Amino acid sequence: MKFSTHIEEWEMRQPFRIAGSEFTHSRSLVVSLSDGQGTGRGEAQGAFYLGETAESMSAQLEALAPEIEQGLDRARLQEALPPGGARNALDCALWDLECKRSGQSIWQLTGIHPKPVCTVFTIGMETTPEAMAEKASAAVRASQIKVKLDADRPLEKLTAIRAARPDADLVVDANQSWTFELLQEILPACRELGIGMIEQPLPRGGDASLEGFDAAVPLCADESCLHLGEFDIAARRYDMINIKLDKTGGLTEALALARQAESSGCRLMVGNMAGTSLSMAPAFVIAQLCDYVDIDGPLLLRHDHINGLHYQDCVVASCPAEFWG
3 MKFSTHIEEW EMRQPFRIAG SEFTHSRSLV VSLSDGQGTG RGEAQGAFYL GETAESMSAQ
63 LEALAPEIEQ GLDRARLQEA LPPGGARNAL DCALWDLECK RSGQSIWQLT GIHPKPVCTV
123 FTIGMETTPE AMAEKASAAV RASQIKVKLD ADRPLEKLTA IRAARPDADL VVDANQSWTF
183 ELLQEILPAC RELGIGMIEQ PLPRGGDASL EGFDAAVPLC ADESCLHLGE FDIAARRYDM
243 INIKLDKTGG LTEALALARQ AESSGCRLMV GNMAGTSLSM APAFVIAQLC DYVDIDGPLL
303 LRHDHINGLH YQDCVVASCP AEFWG
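Residue numbers (the working numbering): 3 to 327.
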């Protein structure tokens with residue numbers, strides 16, 4: 003098995019701000035595998051809030067290179083590496099390679115029937131309600147908008163956005179920036195504003211107060227549910243979980259997590275770390291199982307792969323098999 007990695011940098015259309023961070027570029031680790039019958043590729047950005055970088059993920063995989071080159075498969079990979087970006091890139095490359103050499107599509111291998119999905123369009127944080135309302139107005143083709151907020155005037159910003167886009171389905175992502183007191187205070191108004199869901203309002207490790215809490219708006223775990231091993235606790239605190247392949251360590255565990263959530267009656271969302279179509283392609287598989295879809299990464303970038311996912315406004319229509327899967 004031939005194995006290689008390289009790092010790519012993709013410029014964002016404009017600076018992207020969330021609670022506590024700002025991004026101008028997306029840095030990706032790309033894995034390529036070839037066995038003479040085909041080539042498989044996978045991409046990861048990693049979870050920045052866990053300290054992952056393209057370089058650290060590359061180092062993890064280079065340390066595993068002898069085993070990879072000897073034919074490491076997906077089952078053994080789950081034991082060889084912990085959940086995270088490095089395992090994600092390699093796991094997705096192995097799925098792609100299996101498709102290429104078997105002549106079967108990812109849909110045949112997973113037994114999932116593909117359909118177009120509507121992704122949210124994410125608007126990053128701005129300092130004033132007016133600026134955020136302007137962003138929402140500019141996203142005229144987006145029927146679902148995900149709003150990044152922190153603890154600075156969240157209700158004022160949401161009220162301005164709702165006035166600008168009375169037609170849109172709105173969801174909120176606080177990226178761990180609220181307190182339980184603030185959440186309790188603004189939940190009734192969020193319900194009145196028609197907010198469909200609030201993602202990760204409280205910090206990871208600081209959300210025990212949500213257990214048994216009856217929220218007026220559904221709550222979604224992101225940082226509080228990284229992988230399957232954290233599902234049981236998250237399911238007691240949240241109505242929904244956001245599956246990201248950079249958290250689960252690839253499509254293999256993402257599918258297992260999705261099935262566990264479905265069997266438990268927990269609703270699903272799929273998210274992304276602002277990657278290219280190569281990151282979104284396996285996430286598009288999970289999107290088929292989700293109530294909310296957030297795979298708008300390529301829409302936030304200045305450029306994407308020419309032959310990547312087919313976006314029609316905010317509808318993800320399909321993923322060409324020759325590109326991935």
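Cβ coordinates follow ideal geometry from the N, Cα and C atoms, glycine included. These figures come from a predicted structure and were not determined experimentally.
Since residue i is in the alpha helix (DSSP H), which residue starts that stretch and which ends it?
{"i": "Lys333", "result": "This structure cannot settle anything about residue 333, because the visible part of the chain is limited to 3 through 327."}
{"i": "Gln110", "result": "108–112"}
{"i": "Ala248", "result": "For the sequence presented, residue 248 should be read as Asp rather than Ala. Segment 247–250, the alpha helix (DSSP H) holding Asp248."}
How many angstroms separate the CA atom of residue i from the CA atom of residue j?
{"i": "Val2", "j": "Asp298", "result": "In the structure as shown, the chain begins at 3 and stops at 327. Residue 2 is therefore absent and cannot be evaluated."}
{"i": "Glu54", "j": "Gly87", "result": "7 Å"}
{"i": "Val149", "j": "Ile163", "result": "9 Å"}
{"i": "Ala165", "j": "Leu151", "result": "17 Å"}
{"i": "Met3", "j": "Gly327", "result": "19 Å"}
{"i": "Gln39", "j": "Leu96", "result": "13 Å"}
{"i": "Lys102", "j": "Leu280", "result": "15 Å"}
{"i": "Gly48", "j": "Trp12", "result": "15 Å"}
{"i": "Asp306", "j": "Ser28", "result": "11 Å"}
{"i": "Phe325", "j": "Pro116", "result": "16 Å"}
{"i": "Gln202", "j": "Phe50", "result": "16 Å"}
{"i": "Ser36", "j": "Ala170", "result": "44 Å"}
{"i": "Cys292", "j": "Cys268", "result": "10 Å"}
{"i": "Ile188", "j": "Ala133", "result": "21 Å"}
{"i": "Ala91", "j": "Ala46", "result": "5 Å"}
{"i": "Glu225", "j": "Ser145", "result": "25 Å"}
{"i": "Ser265", "j": "Arg76", "result": "24 Å"}
{"i": "Thr130", "j": "Pro190", "result": "22 Å"}
{"i": "Arg19", "j": "Ser104", "result": "42 Å"}
{"i": "Gly207", "j": "Asp241", "result": "17 Å"}
{"i": "Lys249", "j": "Ser58", "result": "15 Å"}
{"i": "Tyr294", "j": "Val287", "result": "13 Å"}
{"i": "Thr112", "j": "Asp216", "result": "36 Å"}
{"i": "Asn309", "j": "Ala283", "result": "11 Å"}
{"i": "Ser107", "j": "Leu228", "result": "27 Å"}
{"i": "Leu257", "j": "Phe5", "result": "25 Å"}
{"i": "Glu24", "j": "Met127", "result": "9 Å"}
{"i": "Gln178", "j": "Leu52", "result": "13 Å"}
{"i": "Asp154", "j": "Ala65", "result": "43 Å"}
{"i": "Ala218", "j": "Ala140", "result": "29 Å"}
{"i": "Leu83", "j": "Ala223", "result": "23 Å"}
{"i": "Leu328", "j": "Gln80", "result": "Nothing can be reported for residue 328, as the shown portion of the chain is limited to 3 through 327."}
{"i": "Ala263", "j": "Leu253", "result": "15 Å"}
{"i": "Ile125", "j": "Pro322", "result": "28 Å"}
{"i": "Thr278", "j": "Pro68", "result": "28 Å"}
{"i": "Thr26", "j": "Pro17", "result": "5 Å"}
Tell me which residue opens and which closes the beta strand (DSSP E) that residue i is part of.
{"i": "Ser6", "result": "4–20"}
{"i": "Thr26", "result": "23–36"}
{"i": "Ile125", "result": "123–125"}
{"i": "His312", "result": "312–314"}
What are the partner residues of residue i, as DSSP defines its beta bridges?
{"i": "Met242", "result": "Cys222, Arg269"}
{"i": "Cys120", "result": "Val317"}
{"i": "Cys42", "result": "In the sequence as displayed, the identity of residue 42 is Gly instead of Cys. DSSP, once it has assigned bridges, lists Leu35 as partnering Gly42."}
{"i": "Val295", "result": "Val272"}
{"i": "Leu303", "result": "Met14"}
If residue i and residue j are in contact, beta carbons under 8 Å, what's the gap, nearest whole angstrom?
{"i": "Ile200", "j": "Leu221", "result": "6 Å"}
{"i": "Val32", "j": "Asp296", "result": "Actually they are not in contact, since the Cβ atoms of Val32 and Asp296 sit about 22 Å apart, beyond 8 Å."}
{"i": "Ser30", "j": "Arg43", "result": "Actually they are not in contact, since the Cβ atoms of Ser30 and Arg43 sit about 11 Å apart, beyond 8 Å."}
{"i": "Thr181", "j": "Leu99", "result": "In fact, because the Cβ distance is near 46 Å, the residues do not count as touching under 8 Å."}
{"i": "Leu302", "j": "Met14", "result": "6 Å"}
{"i": "Arg89", "j": "Gly196", "result": "That pair is no contact at about 38 Å."}
{"i": "Ala289", "j": "Val119", "result": "5 Å"}
{"i": "Arg238", "j": "Glu255", "result": "Actually they do not touch by this definition, with Cβ atoms about 20 Å apart."}
{"i": "Ala210", "j": "Arg167", "result": "That pair is no contact at about 35 Å."}
{"i": "Lys260", "j": "Ala21", "result": "In the sequence as presented, Lys is not what sits at residue 260; that position holds Ala. Contact flag wrong, Cβ pair sits at about 27 Å."}
{"i": "Asp315", "j": "Arg143", "result": "4 Å"}
Using a Cβ-Cβ distance under 7 Å, would residue i count as near chain B?
{"i": "Val317", "result": "Absence of chain B from the displayed structure is noted, only one protein chain being present."}
| Hey, which unbroken runs of the beta strand (DSSP E) at 3 residues or more fall wholly within the segment 252–280? | 269–272
| Which parts of the segment 127–202 are runs of the beta strand (DSSP E), unbroken and 3 residues or longer, counting only runs that do not cross its ends? | 146–150, 171–175, 197–201
| query | In the segment 44–78, which residue ranges form an unbroken alpha helix (DSSP H) of at least 4 residues, counting only runs that do not cross its ends? | reply | 56–65, 67–71
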